[in-house]
Amino acid sequence: MEHITLLLAIVIVTALVFDFTNGFHDTANAMATTISTGALKPKVAVGMSAVLNLVGAFLSVEVAKTISGGLINEQGIRTEVIFAALVGAILWNLFTWLLGLPSSSSHALFGGLIGATLMSVGASGVNGGVVVTKVLIPALAAPVVAGVAAMLATKLTYRIGRNTDDRATAKGYRAGQIASAGLVSLAHGTNDAQKTMGVITLALVTGGVLAPGSNPPVWVIVSAGLAIALGTYLGGWRIIRTMGTGLTDLRPQQGFAAQTSAATVILASSHLGFSLSTTQSCSGAVMGAGLGRKGGVVRWSTASRMFIAWGLTLPAAGLVAAGAEFLTGQGTWGVTAVAVLLIAGSGGIWLASRRRPVDHTNVTEGMDAAAGTREGAAGSPAPAGIVTTAIAAVSPPPPAGVAQDLSATIHAPAVPGAPTGPAGEPARTATV
Amino acid sequence: MNIDWAALGSVFGVSLVTTVALVGLFTLGVVALARPERQPDTGSGAPGGATGSVGALRTAGACLCFGLCLAAVAYGIHLIVA
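In the order they appear, the protein sequences are chains A and U. Per the working numbering, numbering of the first sequence is gapless, rising by one per residue and ending at 420. Per the working numbering, numbering of the second sequence is gapless, rising by one per residue and ending at 1543.
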């Protein structure tokens, strides 16, 4: 019993850390274009997004019925499986953040759940058809839908305003953009904080603390809302830079069209029964807006790195989760080992990010120069990282090796100093 | 495996129409408000734009556009809450 309680506590903390990385990763969706067009100052933008995420977490009382939307069979799921899935999702979120690539946090969580389930009960636990309908098709559709809408809207707004002075209209566009970005933030808080609430509730139910079918306790709602808001406020500046200035150069008209398209697609998709990923809708909208302006360009090298990351999200998170699930299956020491590896891995990634920090001071600095140096700087390590991950994803895994493989991919040199950084992070979330 | 093409199609259609309509409306509002300010700059604006009634008409039109956009935002919030 004691063991279960400890494991449960670890899972809850891990779920909140995932929630934190989710907010952190997805700030860009709402605020990247707002920051890059100068509609809001970077700190103001992330602050507003954080508040709206927090509000969003409390807005809807409907509990996320399933955490995986039918991807895996959640009947009789073990707490360790949830833990392993979260580990996979967190590490992938942090890794893509280090590379500055927007990728879907939901897909990372799905991938983690699939990988952990495969390792735990085998292929029978995973619904292959649902993977196609819930992940693959939406991943292809989201950027196209949002991109086409944003492109047409951009063309239209330039056509209507073609005789108008840009300076006179910029203020209006910025106001409109802020409204759209606010809607995206609110929707994000509602959807994604709820996902974490669902995970924690499921863990509590599997741990025998809550009766099946019960609503999440208030402390779960509050802590999930706070974790996502804190993550949002700290801001994944690397991803904001990629989305705001790396994919294309946005003017106020385009930023407005892109953000409005993203908000519309997100709301329409979640209410017409065909859920589309927020991240992919926003990235698609930004690219569409880039193509919609005469002379606008999309930097396809950045875009293709992003597409590769999207493709790898599910298998990579799944692979890590499978390795983690194998270790947790070994008993208490395995769970401890996974927790230590998670902390070491997160710390390593964090330390690596300090080498070339991106924050609110340089997030929009010299768009082209920044993009140029980033290409140059990240040029060598980034593809290497992706290739390593790809190789790891393709080779049939002797699962014990996976975790080691992973920590090797994510910076052997950084590990000695690791405990300081990450120890702070879970602790901080735990106090929340 | 059962792909819900109808839902995907309606998401595509609704998103496209709503986005373009909203952006169009908002742009009309912005342009309506902006044009009078432009005339002193260039002196080649719309003919007769300086008269009071036309200015009032522009402002009213802009208010209508922004009002419709606000209604859309309110509906969006309603969708999130519901």
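Built from N, CA and C at the ideal position, the CB exists for glycine as well. Bear in mind the structure is a predicted one, so any value in this text is a computation, not a measurement.
- For U:Ile1464, no alpha helix (DSSP H) run applies, since DSSP gives it neither H nor E.
- A:Val114 is bridged by DSSP to A:Ile60.
- Look at A:Thr9 here: in three-state DSSP terms it is helix.
- Rounded to the nearest whole angstrom, the C-alpha separation of A:Leu339 and A:Leu330 is 14 Å.
- Linking A:Thr84 to U:Gly1516 through their CA atoms gives a straight-line distance of about 52 Å.
- Exclusion of the five residues before and after A:Ile228 leaves Thr15, Ala16, Met19, Ala20, Ile23, Val351 as the residues of its chain whose Cβ lies within less than 7 Å of its Cβ.
- Taking CB atoms only, U:Leu1518 has no neighbour in chain A less than 8 Å away.
- Within the stretch 1475 to 1497 of chain U, the residues whose Cβ lies closer than 8 Å to any Cβ of chain A are, in chain order, Val1475, Ser1476, Leu1477, Thr1479, Thr1480, Val1481, Leu1483, Val1484, Gly1485, Phe1487, Thr1488, Leu1489, Gly1490, Val1491, Val1492, Leu1494, Ala1495, Arg1496.
- Its Cα nearest to that of A:Asp154, the residue A:Gln241 stands out among A:Ala215, A:Leu140, A:Gln241.
- A residue is called buried when at least 16 other Cβ atoms come within 10 angstroms of its Cβ; A:Asn179 meets this threshold and is buried.
- Here the alpha carbons of U:Gly1513 and U:Val1542 stand approximately 43 Å from one another.
- Look at A:Ile60: its C-beta is not under 8 Å from any C-beta on chain U.
- With respect to chain U, the C-beta atom of A:Val193 has no partner C-beta closer than 8 Å.
- At least one CB atom of chain A sits nearer than 8 Å to the CB of U:Ala1468.
- In the three-state DSSP reduction, A:Pro345 falls in the coil class, being neither helix nor strand.
- In the structure shown, the three-state DSSP call for A:Gln318 is coil.
- Contact of A:Phe262 with chain U by beta-carbon distance below 7 Å involves Asp1465, Ala1468, Leu1469, Val1472.
- Scanning its chain for C-beta atoms nearer than 6 Å, with the 5 sequence neighbours on each side dropped, one finds around A:Leu42 the residues Gly213, Ala217, in chain order.
- For A:Val1, the secondary structure class from DSSP, reduced to helix, strand or coil, is helix.
- Counting along the chain, A:Thr178 sits inside the alpha helix (DSSP H) bounded by residues 154 to 194.
- Below the 7 Å Cβ cutoff, chain A contributes Ala167, Leu171 as neighbours of U:Val1534, in chain order.
- Taking 8 Å as the cut-off, the Cβ atoms of U:Val1484 and A:Thr157 do not count as close.
- The DSSP-derived three-state label of A:Pro205 is coil.
- Residues of chain U whose Cβ lies closer than 7 Å to the Cβ of A:His259 are, in chain order, Leu1540.
- One Cα belongs to A:Ile60, the other to A:Ser112, and the distance between them is close to 9 Å.
- Here the alpha carbon of A:Ser292 sits roughly 34 Å from the alpha carbon of A:Glu62.
- Under a 10 Å Cβ-count criterion, A:Ser269 is classified as buried, with 16 or more other Cβ atoms of the shown protein chains found around its own Cβ.
- With respect to the 8 Å criterion, A:Met36 and A:Ala310 are not classified as neighbours on the basis of their beta carbons.
- Residues of chain U whose Cβ lies closer than 9 Å to the Cβ of A:Thr236 do not exist, since the nearest Cβ in that chain is about 17 Å away.
- In the structure shown, the three-state DSSP call for A:Ile65 is coil.
- Counting only runs that start and end inside the stretch 86 to 110 of chain A, the alpha helix (DSSP H) elements of at least 4 residues fall at 93 to 109.
- For U:Gly1522, no chain A residue has a Cβ inside 7 Å of its Cβ, as the nearest lies near 13 Å away.
- With fewer than 16 neighbouring CB atoms inside 10 Å of its own CB, U:Ile1464 falls in the exposed class.
- In the structure shown, the three-state DSSP call for A:Asp237 is coil.
- Sequence-distant partners of A:Gly58 (beyond 5 residues in either direction) whose C-beta falls short of 8 Å from its own C-beta, in its chain, are Asn115, Val118, Lys122.
- Under the three-state reduction of DSSP, A:Gly284 is assigned to coil, being neither helix nor strand.
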